[in-house]
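Just remember that the numbering used here sits 94 ahead of the position in the sequence shown, which is counted from 1. Structure, as structure tokens:
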Amino acid sequence: MAQKSIGIIMNGVSGRMGYRQHLVRSVLAIREQGGVLLSSGDRVQVEPLLVGRSEAKLAELAARHGLADYTTDLDAALADPRWEIYADFLVTKARAAAIRKAIAAGKAIYTEKPTAESVEEALELAALARAAGIKNGVVHDKLYLPGLQKLRRLIDSGFFGRILSVRGEFGYWVFEGDWQPAQRPSWNYRAEDGGGIVVDMFPHWNYVLENLFGRVESVYARAVTHIPTRFDEAGEPYAATADDAAYAVFELAGGVIAQLNSSWTVRVDRDELVEFQVDGTHGSAVAGLFNCRIQPRNATPKPVWNPDLADTHDYDGDWMAVPDNDPVENGFRTQWEQFIRHVVEDGPNEFDFLAGARGVRLAEAGLESSRTGARVDLPTLDLPAPVPASAGAGR
Ligand SMILES: NC(=O)c1ccc[n+]([C@@H]2O[C@H](COP(=O)([O-])OP(=O)(O)OC[C@H]3O[C@@H](n4cnc5c(N)ncnc54)[C@H](O)[C@@H]3O)[C@@H](O)[C@H]2O)c1
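Below, the structure written as structure tokens:
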């Protein structure tokens, strides 16, 4: 008989990502539509268990959304077979320990990025998950954004010809927290608490680049802390020890050069908070979160450099919008649905802990490059081969 429902432990559900993207916009939205549609035509309903450290906060969240189940006892939740999936939205620093427990409990695991604070730990989690034979997935939300889906369509259609380069701008001004409260949690700006823009954004850049343009083969990055003092949630000053901007060049398999700026210390002069310009021999595109504009080579103007004359050409006007064509869904929710299908009916899932480890490795290499000033090469990352059960027998 088809499985009717699946229980999900949602750890860190009171946080920014846990609440808005994973609970409200994914799991509760899926619940409202009657569950995840399976290939058989049946639906599997989702049953969330809210987990966190503050009982009062969890009770308030549960009441707000009419949910019955919440607990501060993660160990008890992991021991209960009613809950098949463990999902993790904790601060990065707390993640690996909780995931280790969930692996030991045999749960399927879905987690925010980065999966761990070091590549060694990220690989260890991937190896443990493989040895335990549990299903595992890591958020790759940016790939599901409408703007990047349009970019995917352009690439698949051959629009670009040979892709030469990618230039990305991500960022906005994050207030220091004194005269206006900061719009991101203060731990993001403390290295000792797992903060930093490289650790936060390079895992995203890794999967965006490798899934759209080619495996990342090397990185040169300069990470800086432009603003050394910020003010926390209580209005107290603290030393911002983590990088708040990173300027990086990535070389990709196939020769594409990607240059991405990530910054919480930049004022936006773009249409969207992230934009990627892709230039190819046959055409170019600028994709953001939602929109994507193109300029094919046969509609490319021919500028002539002349600093003596004010340029009156409307360059913005040369671009054409790519239409949505498909309905726009929340990317977190779409990936949740895929992961649940992966768990329930063994549907495909490319975005596993090893993919997560590649993201952590890129962040680590970016920071190393920034420290040493050198370009860091990135060989393919594999898990060590599993030791066969018979190894060592008879010795
Ligand atoms: N996919 C994305 O686009 C995206 C965007 C932002 C953040 N993130 C990731 O999501 C995670 C959470 O980030 P956030 O911005 O929601 O942070 P947040 O501070 O808003 O939430 C963190 C959660 O962890 C809990 N927590 C804090 N310290 C803990 C500890 N020591 N032990 C157990 N629980 C603890 C908090 O109570 C809260 O529920 C981070 O790993 C971050 O990298 C992903």
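Ideal Cβ positions, reconstructed from N, Cα and C, are used throughout, including at glycine. Keep in mind it's a predicted model, so treat the numbers as computed, not measured.
Residue from 274, 289, 273 with nearest C-alpha to residue 280: The residue labelled residue 280 in the question sits at position 186 within the sequence shown. Cα-wise, what sits closest to residue 280 is 289.
What would DSSP say about residue 239, mapped onto helix, strand or coil? For the purposes of this step, residue 239 is taken as residue 145 along the sequence shown, with counting starting at 1. Residue 239: coil per DSSP, three-state reduction.
Per DSSP, the bridge partner or partners of residue 232: Here the question's residue 232 lines up with position 138 in the sequence shown. According to DSSP, which records beta bridges pairwise, residue 232 is partnered with 205.
Pull up the distance between the alpha-carbon of residue 40 and that of residue 277, whole angstroms please. Outside the displayed span of the chain (95 to 489) sits residue 40, for which this structure offers no information.
With distances taken from CA atoms, which of 165, 155, 136 is nearest residue 145? Counted from its first residue, the sequence shown places residue 145 at position 51. Here the closest residue by C-alpha is 165.
Near residue 374, what residues of its chain come up, given a Cβ to Cβ distance below 8 angstroms and the 5 sequence neighbours on each side ignored? Here residue 374 refers to the residue found at position 280 when the sequence shown is read from its first residue. The answer, listed in chain order, is 253, 254, 255, 256, 257, 258.
The beta strand (DSSP E) with residue 342 in it runs from where to where? As a first step, residue 342 must be located in the sequence shown, where it is residue number 248. From DSSP, the beta strand (DSSP E) with residue 342 extends over 339–346.
Would the region 96–103 and the region 397–411 be scored as touching if the rule is three or more Cβ pairs under 8 angstroms? no
Flag residue 195 as yes when its Cβ comes closer than 7 angstroms to any non-hydrogen atom of ligand 2, and as no otherwise. Within the structure as shown, ligand 2 is missing, the only ligands being ligand 1.
How do the region 320–328 and the region 257–275 stand: do at least 3 beta-carbon pairs fall below 8 angstroms, yes or no? yes
For the alpha helix (DSSP H) that residue 225 lies in, which residues bound it at each end? Walking along the sequence shown from the start, residue 225 turns up at place 131. Counting along the chain, the alpha helix (DSSP H) containing residue 225 begins and ends at 213–226.
Taking the alpha-carbon positions, what's the residue 453 to residue 129 distance? Position 359 of the sequence shown, counted from the start, is the residue given in the question as residue 453. Position 35 of the sequence shown, counted from the start, is the residue given in the question as residue 129. Their Cα atoms are separated by approximately 30 angstroms.
Spatial neighbours of residue 310 within its chain, please: C-beta separation below 7 angstroms, excluding the five flanking residues on both sides. Counting from one through the sequence shown, the residue named residue 310 turns up at place 216. Correct list, in chain order: 300, 303, 304, 344, 346, 456, 472.
To the nearest whole angstrom, what separates the beta carbons of residue 220 and residue 459, a pair I think is in contact under 8 angstroms? Position 126 of the sequence shown, counted from the start, is the residue given in the question as residue 220. Position 365 of the sequence shown, counted from the start, is the residue given in the question as residue 459. The pair is not a contact, with the Cβ atoms about 17 angstroms apart (cut-off 8 angstroms).
In chain order, each beta strand (DSSP E) run of at least 3 residues that lies wholly inside the region 127–213: 137–145, 177–182, 202–205
Have a look at residue 464 and residue 293 and give me their C-alpha separation to the nearest angstrom. Counted from its first residue, the sequence shown places residue 464 at position 370. Counted from its first residue, the sequence shown places residue 293 at position 199. Near 13 angstroms, if we compare the C-alpha coordinates of residue 293 and residue 464.
Residue 232 and residue 209 - do their beta-carbons sit closer together than 8 angstroms? Numbered from its first residue, the sequence shown carries residue 209 at position 115. Numbered from its first residue, the sequence shown carries residue 232 at position 138. Yes.
Coarse secondary structure for residue 406, derived from DSSP in three states: Translated into positions along the sequence shown, residue 406 becomes position 312. If DSSP states are grouped into helix, strand and coil, residue 406 belongs with coil.
Buried or exposed for residue 267, please, with buried defined as at least 16 other CB atoms from any protein chain shown within 10 angstroms of its CB. Counted from its first residue, the sequence shown places residue 267 at position 173. It is exposed - the Cβ of residue 267 has fewer than 16 other Cβ atoms within 10 Å.
What does the alpha-carbon distance come out to for the pair residue 195 and residue 212? Locating residue 195 in the sequence shown gives position 101, where the first residue counts as 1. Locating residue 212 in the sequence shown gives position 118, where the first residue counts as 1. Going from the Cα of residue 195 to the Cα of residue 212 covers about 18 angstroms.
So, helix, strand or coil for residue 567, using DSSP? The structure shown does not extend to residue 567, since the chain is modelled only from 95 through 489, so no value can be given for it.
Output the distance between the C-alpha atoms of residue 322 and residue 428, rounded to the nearest integer angstrom. The residue you call residue 322 lines up with position 228 of the sequence shown. The residue you call residue 428 lines up with position 334 of the sequence shown. C-alpha separation (whole angstroms): 38 angstroms.
Determine the extent of the alpha helix (DSSP H) in which residue 381 is found, giving its start and end residues. Residue numbering aside, residue 381 sits at position 287 when the sequence shown is read from its first letter. From DSSP, residue 381 is part of no alpha helix (DSSP H) but of the beta strand (DSSP E) over 377–381.
Every unbroken alpha helix (DSSP H) inside the region 395–476 [4 residues or more]: 425–439, 447–466
Residue 184: beta carbon under 7 angstroms from a heavy atom of ligand 1? Position 90 of the sequence shown, counting from 1, holds the residue named residue 184. Result yes, Cβ under 7 angstroms from ligand 1.
Distance CB(residue 265)-CB(residue 360) smaller than 8 angstroms: Numbered from 1 along the sequence shown, position 171 holds the residue referred to as residue 265. Numbered from 1 along the sequence shown, position 266 holds the residue referred to as residue 360. A contact, by the Cβ cut-off of 8 angstroms.
Could you please give me the residues that DSSP links to residue 273 through a beta bridge? For this step, residue 273 is matched to residue 179 along the sequence shown. Answer is none; residue 273 lacks a bridge partner.
In the structure shown, what three-state DSSP assignment does residue 268 receive? By one-based count along the sequence shown, residue 268 stands at place 174. Correct three-state label for residue 268: coil.
Coarse secondary structure for residue 355, derived from DSSP in three states: Within the sequence shown, residue 355 is the residue found at index 261, counting from 1. Correct three-state label for residue 355: strand.
In three-state terms, what does DSSP make of residue 263? Taking the first residue of the sequence shown as 1, we reach residue 263 at position 169. Strand at residue 263.
From residue 486 to residue 479, what does the alpha carbon distance come to, in whole angstroms? On the sequence shown, residue 486 is found 392 positions in, with the first residue counted as 1. On the sequence shown, residue 479 is found 385 positions in, with the first residue counted as 1. The pLDDT assigned to residue 486 is 47, lower than 50, so where the model puts this residue is not dependable; a value taken from the coordinates is nonetheless given after this. For residue 486 and residue 479, the distance between alpha carbons rounds to 15 angstroms.
Among 422, 139, 287, which residue has its Cα nearest to the Cα of residue 122? Counting from 1 along the sequence shown, the entry for residue 122 is found at position 28. Selected option, being the one with the closest Cα: 139.
Can we count residue 279 as close to ligand 1, meaning its CB is less than 7 angstroms from some heavy atom? On the sequence shown, position 185 is the one that residue 279 refers to. Because some heavy atom of ligand 1 lies under 7 angstroms away, the Cβ of residue 279 counts as near it: yes.
Any 3 or more C-beta pairs closer than 8 angstroms across the region 433–453 and the region 232–242: yes
Closest residue to residue 364 among 223, 395, 396, 385 (Cα-Cα distance): Within the sequence shown, residue 364 is the residue found at index 270, counting from 1. Comparing Cα positions, the closest option is 385.
Taking DSSP's pairing of strands, which residues face residue 495 in a bridge? Since the first residue of the chain shown is 95 and the last is 489, residue 495 is not available in this structure.
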